[in-house]
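Residue numbers (full-length UniProt numbering), protein chains in the order written: chain A, 1 to 197; chain B, 1 to 197. Input: a single structure, listed below in structure tokens.
Structural data, given as structure tokens:
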């Protein structure tokens, strides 16, 4: 049995969403057909977001104006810190910790020469020009993956030219983690990074 | 930290999809912002489906023309069977079994007086008028829930006026089911519906 063409097209289009397989896409399509208002709202919100959301000129995070709220906040730039993250979502995660009150720089990717992603694609020239003005700490908050580490290394080399302190997020035991359930790399990092009490 | 207004609006709009919570909606919104083509495609597909998909005049299933493919297929109406299902998705499920070659009638709901869903809301008058012309079996394929059983009872009473055979899907052991894992109601139905070999 075949669905009506535009229903099938909707099912296919829903597959663009992360974590949505053929069955979920079908279920979503039927829900949208039943909920006319919600469906219109969704279609319109997608269009509006596409038209209004842009990259912040300073930090590359998503914003609706030329500069994002964090970059325009004077108190944020007062302490001269920039925290480098891979994706816009990571800004939210760090903000939720309440431990950081400086500015961010969102790479929207990680260095990966094999995929053709070099320093230009990540806007590192933009970051470099910012490092020359009143920055005293560059916090590297990329994930501890191969690409994340490579990007962190590149950035630390870049920052050294300007005598800027470069720090990297600590690696070790996750909160509430059972020692027996940890992989040996994490436990190894926790061991070598142990602190005196 | 707050998202840009139209990004937040997109996240909220995505919550209309079934099984999408706040976290998934965020992830989906970011994916859509990164995939401009896919996002446009999705917005357009929603609009197009809303504009072109309608209810089949005969069976109420979703279709792009006045009558759906199954209702226009002469071989489907030849055996004089109508299978009544609650939702359009159920048509697909039954088609996939390959056990049925008659027509359908899609209620798009079940009788539920407490929610104000009566026979008119389900289009049962439309079904009743069809029962008068060459139908010899009405197959009730609503689910074995309270509303499903109530709807099946109502339909069977209706069909009796026209001397039509009314059947209900068998209840019993699911394929591959372990006896020990079954609830007692299902096992009870399987017992009382046992067949001689």
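Here a beta-carbon is modelled for each residue, glycine too, at the ideal position from N, C-alpha and C.
If we cut at 8 Å on Cβ distances, does residue i have a partner in chain B?
i, result
"residue 111 (chain A)", "no"
"residue 100 (chain A)", "no"
"residue 41 (chain A)", "yes"
"residue 5 (chain A)", "yes"
"residue 73 (chain A)", "no"
"residue 115 (chain A)", "no"
"residue 164 (chain A)", "no"
"residue 154 (chain A)", "no"
"residue 95 (chain A)", "yes"
"residue 27 (chain A)", "yes"
"residue 132 (chain A)", "no"
"residue 13 (chain A)", "yes"
"residue 107 (chain A)", "no"
"residue 174 (chain A)", "no"
"residue 63 (chain A)", "yes"
"residue 67 (chain A)", "no"
"residue 36 (chain A)", "yes"
Does DSSP put residue i in a helix, in a strand, or in coil?
i, result
"residue 164 (chain A)", "coil"
"residue 63 (chain A)", "strand"
"residue 196 (chain A)", "coil"
"residue 56 (chain B)", "coil"
"residue 15 (chain B)", "coil"
"residue 135 (chain B)", "coil"
"residue 154 (chain B)", "helix"
"residue 145 (chain A)", "coil"
"residue 68 (chain A)", "coil"
"residue 182 (chain A)", "coil"
"residue 127 (chain A)", "helix"
"residue 91 (chain A)", "helix"
"residue 50 (chain A)", "helix"
Considering only the alpha carbon of each residue, which of the options lies closest to residue i?
i, options, result
"residue 68 (chain B)", "B:170, B:52 and B:58", "B:58"
"residue 135 (chain A)", "A:35, A:102 and A:24", "A:102"
"residue 96 (chain A)", "B:170, B:41, B:167 and B:3", "B:3"
"residue 10 (chain A)", "A:20, A:110, A:21 and A:25", "A:25"
"residue 52 (chain A)", "A:19, A:63 and A:126", "A:63"
"residue 55 (chain A)", "A:93, A:117, A:122 and A:146", "A:122"
"residue 33 (chain B)", "A:18, A:23 and A:12", "A:18"
"residue 112 (chain B)", "B:105, B:120 and B:140", "B:120"
"residue 104 (chain B)", "B:110, B:94 and B:15", "B:94"
"residue 130 (chain B)", "B:158, B:153, B:37 and B:109", "B:158"
"residue 124 (chain B)", "B:152, B:137 and B:100", "B:152"
"residue 86 (chain B)", "B:145, B:192 and B:41", "B:145"
"residue 110 (chain A)", "A:116, A:166, A:148 and A:7", "A:148"
"residue 168 (chain A)", "A:66, A:37 and A:83", "A:83"
"residue 76 (chain B)", "A:189, A:1 and A:195", "A:1"
"residue 128 (chain A)", "A:164, A:98 and A:79", "A:164"
For residue i, count neighbouring Cβ atoms within 10 angstroms of its own Cβ and tell me buried if that reaches 16, exposed if not.
i, result
"residue 162 (chain A)", "exposed"
"residue 88 (chain B)", "buried"
"residue 155 (chain A)", "buried"
"residue 114 (chain A)", "exposed"
"residue 28 (chain B)", "buried"
"residue 197 (chain B)", "exposed"
"residue 81 (chain A)", "buried"
"residue 142 (chain B)", "buried"
"residue 184 (chain A)", "exposed"
"residue 61 (chain B)", "buried"
"residue 42 (chain A)", "buried"
"residue 179 (chain B)", "exposed"
"residue 90 (chain A)", "buried"
"residue 192 (chain A)", "exposed"
"residue 6 (chain A)", "buried"
"residue 49 (chain A)", "buried"
"residue 181 (chain B)", "exposed"
"residue 170 (chain B)", "exposed"
Counting contacts by CB-CB distance shorter than 8 Å, is residue i in contact with chain A?
i, result
"residue 104 (chain B)", "no"
"residue 84 (chain B)", "no"
"residue 48 (chain B)", "yes"
"residue 139 (chain B)", "no"
"residue 168 (chain B)", "no"
"residue 22 (chain B)", "no"
"residue 148 (chain B)", "no"
"residue 182 (chain B)", "no"
"residue 79 (chain B)", "no"
"residue 123 (chain B)", "no"
"residue 202 (chain B)", "Past the edges of chain B, shown from 1 to 197, lies residue 202 (chain B), and the structure says nothing about it."
"residue 45 (chain B)", "yes"
"residue 90 (chain B)", "no"
"residue 19 (chain B)", "yes"
"residue 30 (chain B)", "yes"
"residue 158 (chain B)", "no"
"residue 161 (chain B)", "no"
Measuring from the CB of residue i, is there a heavy atom of the ligand SAM at a distance below 7 Å?
i, result
"residue 132 (chain B)", "Ligands displayed in this structure: none; no statement on the ligand SAM is therefore possible."
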